[in-house]
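Here is the structure we will look at, set down as structure tokens.
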Amino acid sequence: METEEFGEVLISVEELNDILLDDEGGYVSKEAEFVDQQIFYFVSNIEIDLPIPELTELINTQVQ
């Protein structure tokens with residue numbers, strides 16, 4: 004998605020974040036670390052379905 008403040012960013016759902024990390028908060032693999040580093044922000048399953056302008060506003064608000 005494109006944001007005015009941060010440019011083009013990749014977002015995903017928190018469930019993916021949970022899969023990438025082990026119980027201690029470390030990455031489950033090098034591939035998981037690579038994927039996580041590509042994602043700018045994680046949102047809930049409900050938030051991912053918001054209209055793009057609302058999702059953009061949410062991310063701009065949360066990241067500041």
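Our numbering applies: residue 4 is where the sequence shown begins, and numbers increase by one.
The C-beta atom is built at its ideal place from N, Cα and C for all residues, glycine as well.
A contact between stretches requires three or more CB pairs, one per stretch, nearer than 8 Å, and the region 40-51 meets this requirement with the region 8-24. Judged by beta-carbon spacing, Val16 lies beyond the 7 Å limit of Ile55, meaning their Cβ atoms are not closer than that value. For Val66, the enclosing alpha helix (DSSP H) starts and ends at Ile55 to Val66. A residue is called buried when at least 16 other Cβ atoms come within 10 angstroms of its Cβ; Ile49 does not meet this threshold and is exposed. By the neighbour-count criterion, in which 16 or more other beta carbons inside 10 Å mark a residue as buried, Thr64 falls on the exposed side.
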